[in-house]
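First to last, the protein sequences are chains A and B. In terms of the working numbering, the first sequence opens at residue 1 and continues consecutively. In terms of the working numbering, the second sequence opens at residue 1 and continues consecutively. Ideal Cβ placement from N, Cα and C applies to all residues, glycine included. This report refers to the structure that appears directly beneath it.
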Amino acid sequence: MTQLILEQALNGLQFGLMLFLLAAGLTLVFGIMDCINLAHGSLYMIGAYLVAAAAQAADSFWIGLATGVAATALLGLVLELTLFRQLYKRDHLSQVLATFALILISNEAVRLIWGAQPVMLNPPAALSGPLEVGGFFYPAYRLVIIACGLAVAGLLYLLVAKSRIGMWVRAGAANREMTEALGINVQGLFTLVFVFGAALCALAGGLLGPLLAVQVGMGESVLILAFVVIIIGGIGSIRGALVGSLIVGTVDTLGRALLPTLLRATLPADAASTLGPALASILIYLLMAGILFFKPQGLFPARA
Amino acid sequence: MSLRLTALAAALMLAALAHAADKIKVGLVSTLSGPGAGLGVDIRDGFTLAMKRLDGKLGDLPAEVIIADDQQSPDVAKQIVDKFLKKDKVDLMTGIVFSNLMLAVGPSIFENRTFYISANAGPSQYAGEQCNPYFFNVAWQNDNLHEAVGKYVQDKGFKNVVIVTPNYPGGKDAVSGFKRYYKGKVAEEVYTKLGQLDYAAELAQIRSLKPDALFFFLPGGMGINFVKQFVAAGLSRDTQLFAPGFSADEDVIKAVGAPMMGMFNSSHWAHDMENVENKRFVADFEKEYARLPSLYASQGYDAALMMDAAVRDVKGKLADKAALQKALEAKRFKSVRGDFKFNTNHYPVQNYYLRAIGKDAQGRVTNKTMGTIFTNHADAYVSQCKMK
Numbered sequence: 001m002t003q004l005i006l007e008q009a010l011n012g013l014q015f016g017l018m019l020f021l022l023a024a025g026l027t028l029v030f031g032i033m034d035c036i037n038l039a040h041g042s043l044y045m046i047g048a049y050l051v052a053a054a055a056q057a058a059d060s061f062w063i064g065l066a067t068g069v070a071a072t073a074l075l076g077l078v079l080e081l082t083l084f085r086q087l088y089k090r091d092h093l094s095q096v097l098a099t100f101a102l103i104l105i106s107n108e109a110v111r112l113i114w115g116a117q118p119v120m121l122n123p124p125a126a127l128s129g130p131l132e133v134g135g136f137f138y139p140a141y142r143l144v145i146i147a148c149g150l151a152v153a154g155l156l157y158l159l160v161a162k163s164r165i166g167m168w169v170r171a172g173a174a175n176r177e178m179t180e181a182l183g184i185n186v187q188g189l190f191t192l193v194f195v196f197g198a199a200l201c202a203l204a205g206g207l208l209g210p211l212l213a214v215q216v217g218m219g220e221s222v223l224i225l226a227f228v229v230i231i232i233g234g235i236g237s238i239r240g241a242l243v244g245s246l247i248v249g250t251v252d253t254l255g256r257a258l259l260p261t262l263l264r265a266t267l268p269a270d271a272a273s274t275l276g277p278a279l280a281s282i283l284i285y286l287l288m289a290g291i292l293f294f295k296p297q298g299l300f301p302a303r304a
Numbered sequence: 001m002s003l004r005l006t007a008l009a010a011a012l013m014l015a016a017l018a019h020a021a022d023k024i025k026v027g028l029v030s031t032l033s034g035p036g037a038g039l040g041v042d043i044r045d046g047f048t049l050a051m052k053r054l055d056g057k058l059g060d061l062p063a064e065v066i067i068a069d070d071q072q073s074p075d076v077a078k079q080i081v082d083k084f085l086k087k088d089k090v091d092l093m094t095g096i097v098f099s100n101l102m103l104a105v106g107p108s109i110f111e112n113r114t115f116y117i118s119a120n121a122g123p124s125q126y127a128g129e130q131c132n133p134y135f136f137n138v139a140w141q142n143d144n145l146h147e148a149v150g151k152y153v154q155d156k157g158f159k160n161v162v163i164v165t166p167n168y169p170g171g172k173d174a175v176s177g178f179k180r181y182y183k184g185k186v187a188e189e190v191y192t193k194l195g196q197l198d199y200a201a202e203l204a205q206i207r208s209l210k211p212d213a214l215f216f217f218l219p220g221g222m223g224i225n226f227v228k229q230f231v232a233a234g235l236s237r238d239t240q241l242f243a244p245g246f247s248a249d250e251d252v253i254k255a256v257g258a259p260m261m262g263m264f265n266s267s268h269w270a271h272d273m274e275n276v277e278n279k280r281f282v283a284d285f286e287k288e289y290a291r292l293p294s295l296y297a298s299q300g301y302d303a304a305l306m307m308d309a310a311v312r313d314v315k316g317k318l319a320d321k322a323a324l325q326k327a328l329e330a331k332r333f334k335s336v337r338g339d340f341k342f343n344t345n346h347y348p349v350q351n352y353y354l355r356a357i358g359k360d361a362q363g364r365v366t367n368k369t370m371g372t373i374f375t376n377h378a379d380a381y382v383s384q385c386k387m388k
């Protein structure tokens, strides 16, 4: 029983932390620059492909991960300088249209370059088995993912809460005009935040590659979850993104694990097997609706 | 009403003419992108290889094969099928991998009186009450491979089994097939989302149930990830894995590798079968695509051969639907799986074999045929089919 609870808690944590990597970038771009970036998921996809390609070329997962993340950051820089800079002053509809176009373009580009079939990555051989501690088993690779996620969360906390740049970012999220009026180079700040967000996307894509599949369209499904996270957490808030990610990760994992069993106890087996998975997949949206009902601004609104 | 009358009149006129066509069009719609792509690609490659062998002709008629990707989406599949039927006016169709897509597009194909030769999807619905003269399955009924594993697991004396399948019609068929022959305790039936790739939550649950055997039906990328994560979680030490051939063929083996060794699975075909047709097929396939064929490839190959024989039989008179149906039912082609015949519901009656994954003479990890589980096995739904 302890094994089960602990294992599911770690699963929820692992899923939540990966969501956090995506949501952190998304919430900053949305909160500070007031820009809806639907193509955030595409950066995640492109990042995963670049990591996969680099890992195969270098025959080392870790070199591949570093190269892929750096390359995606560079791509983020180019995108920010050429496209997004034009979009900030436009209204949300133009941003949605432009970034949606970006999704279509990147999906087709990836299909052209890497083909329509998914790339199935393998984790590094040393991490492909379980880790055993006193009778408790957990996949070693997932532990590494958790460690990476926690490290990034810690780093982000230090950056945002303790550094001068972080102070500007928080100020920008809370009140953009006032920040500009105080003489902060908001444009440079935007570029930095965007590039950082792109790098986090690639990190998440690369780390999740061996657990999922690197494939066209992988960004869209996860983007929806990332939006749920930032809406729950409060747009523009890193702390909100972290808490929101962990809530969504845990609820999703527990829903999948517990709901079918619980339903089976009360309903006939046939109905339970149909209803269970369906309910589990809408659970996080129910959660989002519930939180929005009581806290329309999310749990930690940046513009309080 | 007037539309139906027109259609009827047109059909009558065509039947009256019933002249030999001078060419033939085949619509092949399959899953060629996403996690299920491995299956569709193999069906397509098997079909294409057979067309090459037949010099691009079906029954001596020059054939045009139109290939489209359904993206594993019922909506996309419907659009493609409508285009095939109305714009391209195809004579024969094949290719669909997933049963939920098959069930979505079936009605419009049958209404259009176009013969569909399924090279994979074999839903129980079309084998039983909804059986249709225009539907043939050259592979199997969905339940069959699962029944074979159920029988083997039962015979080997396993007592506590967990079943994992996606929550879709093919998954439901898998569970009923397995449980038709496995009579022991089922600790849990786990239904996952179709296309799910991360199984952490399910694997934790399975660990807590301590099953002695696990039966999973997760075709394509789903199965690849499941086996990898099953091994990574350390579950392979205490739990024996069983799967139908779908989850243990070349596409999965290639991606997972050595951890698959020792896994038992069932199939109606294997690449090491000793018959002339199969030897030629496997050798040609390896030469053409530089990989071993999977059962999906064999099914695509058989579908083309089946079309070829039937079209030759009716001497190219494709408009004579009754004659074409008889010709298809007669099954005059030589299948790579050896001999089989069609039941009254247009599904095969055939043998099912046990395969085990191990290293072959050349050191490749691949399937080896171990023995026969069922001989001349028919599906369980045929009695409900009243073929009109």
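| Under a Cβ-count criterion, where at least 16 other Cβ atoms within 10 Å of its own Cβ denotes burial, should residue 256 (chain A) be classed as buried or exposed? | Under this definition residue 256 (chain A) is a buried residue.
| query | Would residue 152 (chain B) count as contacting chain A if we go by Cβ distances under 8 Å? | reply | The Cβ of residue 152 (chain B) sits no closer than 8 Å to any Cβ of chain A.
| So is residue 56 (chain A) in contact with chain B if we call contact Cβ pairs under 8 Å? | In terms of beta-carbon proximity, residue 56 (chain A) stays away from the interface with chain B, with every pair separated by 8 Å or more.
| task | Report yes or no: do the stretch 36-54 of chain A and the stretch 156-170 of chain A share at least 3 C-beta pairs separated by less than 8 Å? | result | Under the Cβ criterion (8 Å, minimum of three pairs), the stretch 36-54 of chain A does not count as touching the stretch 156-170 of chain A.
| Residue-chain proximity (residue 161 (chain A), chain B), Cβ-Cβ < 8 Å | Look at residue 161 (chain A): its C-beta is not under 8 Å from any C-beta on chain B.
| task | Under 9 Å between beta-carbons, which chain A residues line up against residue 192 (chain B)? List them in chain order, please. | result | Within chain A, the residues whose beta carbon sits less than 9 Å from that of residue 192 (chain B) are 256 and 277, listed in sequence order.
| task | Could you please tell me which residues of the stretch 38-57 of chain A, in chain order, have their CB closer than 9 Å to any CB of chain B? | result | Listed by position along the chain: nothing, the set is empty.
| request: Check whether the stretch 12-23 of chain A touches the stretch 221-228 of chain B, counting contact only when three or more Cβ pairs, one atom from each stretch, lie closer than 8 Å. | output: Flag = no, the stretch 12-23 of chain A and the stretch 221-228 of chain B do not touch.
| query | Alpha carbon to alpha carbon, what distance is there between residue 174 (chain B) and residue 105 (chain B)? | reply | Here the alpha carbon of residue 105 (chain B) sits roughly 21 Å from the alpha carbon of residue 174 (chain B).
| CB-CB under 7 Å to residue 213 (chain B), same chain, minus the five flanking residues each way: which ones, in chain order? | Here the set comprises 153, 158, 161, 239, 240 and 242.
| Using the beta-carbon count (16 or more within 10 Å), is residue 10 (chain A) buried or exposed? | Buried, since its Cβ has 16 or more Cβ neighbours within 10 Å.
| message | Tell me the rounded alpha-carbon separation between residue 23 (chain B) and residue 382 (chain B). | response | Approximately 35 Å, taken between the alpha carbons.
| Can you find at least 3 beta carbon pairs, one from the stretch 37-52 of chain A and one from the stretch 65-74 of chain A, that sit closer than 8 Å? | When Cβ pairs closer than 8 Å are counted between the two stretches, the stretch 37-52 of chain A is seen to touch the stretch 65-74 of chain A, the count reaching three or more.
| query | Using a C-beta cutoff of 8 Å, does residue 77 (chain B) count as contacting chain A? | reply | Answer no: the Cβ-Cβ gap between residue 77 (chain B) and chain A never drops below 8 Å.
| Under a three-way DSSP split, which group does residue 21 (chain A) fall into? | Looking at residue 21 (chain A) - three-state DSSP - the assignment turns out to be helix.
| Which word fits residue 268 (chain B), buried or exposed, when buried means at least 16 other C-beta atoms lie within 10 angstroms of its C-beta? | That one is buried.
| request: Mind checking who residue 367 (chain B) pairs with in its DSSP beta bridge? | output: In the DSSP output, where bridge partners are listed per residue, residue 367 (chain B) has B:357.
| task | Please say whether residue 110 (chain A) and residue 46 (chain A) have beta carbons closer to each other than 8 Å? | result | Their beta carbons are under 8 Å apart, which means residue 46 (chain A) touches residue 110 (chain A) by this criterion.
| task | Ignoring anything shorter than 4 residues or poking outside the stretch 132-162 of chain B, list the alpha helix (DSSP H) runs there in chain order. | result | Listed in chain order, the complete alpha helix (DSSP H) runs (minimum 4 residues) inside the stretch 132-162 of chain B are 143-155.
| Which residues in the same chain as residue 262 (chain B) place their Cβ atom closer than 8 Å to its Cβ, once the five residues preceding and following it in sequence are excluded? | Taken in chain order, the residues that qualify are 356, 357 and 358.
| Nearest candidate by alpha-carbon position, reference residue 249 (chain B), set B:319, B:31 and B:39 | With distances taken between Cα atoms, residue 249 (chain B) lies closest to B:39.
| Residues near residue 242 (chain A) in its chain [Cβ-Cβ closer than 7 Å; skip 5 each side] | If we look at residue 242 (chain A) and ignore the five residues flanking it on each side, its Cβ neighbours are 20 and 153.
| request: Using a Cβ cut-off of 9 Å, pull out every chain B residue sitting near residue 281 (chain A), in sequence order please. | output: Neighbours of residue 281 (chain A) on chain B, chain order: 193.
| What do you reckon, are the CB atoms on residue 369 (chain B) and residue 352 (chain B) nearer than 8 Å? | The answer is no: Cβ separation not under 8 Å.
| message | By the DSSP assignment, the alpha helix (DSSP H) with residue 94 (chain A) in it spans what residues? | response | 92-114 is the extent of the alpha helix (DSSP H) around residue 94 (chain A).
| Is it the case that the Cβ atoms of residue 169 (chain B) and residue 99 (chain B) are separated by a distance below 8 Å? | Yes, the pair counts as a contact, with Cβ atoms nearer than the cut-off.
| query | By a C-beta neighbour count over all protein chains shown, 10 Å radius and 16 as the cutoff for buried, is residue 147 (chain B) buried or exposed? | reply | With 16 or more other Cβ atoms within 10 Å, it is buried.
| Using DSSP with H/G/I as helix, E/B as strand and the rest coil, what is residue 187 (chain A)? | Helix at residue 187 (chain A).
| What span of residues does the alpha helix (DSSP H) with residue 218 (chain B) cover, start to end? | From DSSP, residue 218 (chain B) is part of no alpha helix (DSSP H); its letter is neither H nor E.
| query | Where do the N-terminal and C-terminal ends of the beta strand (DSSP E) with residue 24 (chain B) fall, by residue? | reply | Segment 24-30, the beta strand (DSSP E) holding residue 24 (chain B).
| query | How is residue 94 (chain B) classed by DSSP in three states: helix, strand or coil? | reply | The DSSP-derived three-state label of residue 94 (chain B) is strand.
| request: Determine the direct distance from the alpha carbon of residue 42 (chain A) to that of residue 102 (chain A), and round the result to whole angstroms. | output: In this model, residue 102 (chain A) and residue 42 (chain A) are separated by some 8 Å (Cα to Cα).
| How would you list, in chain order, the residues of chain B whose beta-carbon sits under 8 Å from the beta-carbon of residue 116 (chain A)? | Within chain B, 32, 33, 34, 37 and 69 have C-beta atoms less than 8 Å from the C-beta of residue 116 (chain A), given in sequence order.
| said: If we define contact as Cβ-Cβ less than 8 Å, is residue 95 (chain B) a contact residue for chain A? | reply: False, the Cβ-Cβ gap to chain A never drops below 8 Å.
| task | Quick one: list the residues of chain B neighbouring residue 216 (chain A), beta-carbon separation under 8 Å, in chain order. | result | Correct list: 33 and 34.
| Below-8 Å beta-carbon distance, residue 3 (chain A) vs any chain B residue | Yes, residue 3 (chain A) lies at the interface with chain B (some Cβ there is under 8 Å from its Cβ).
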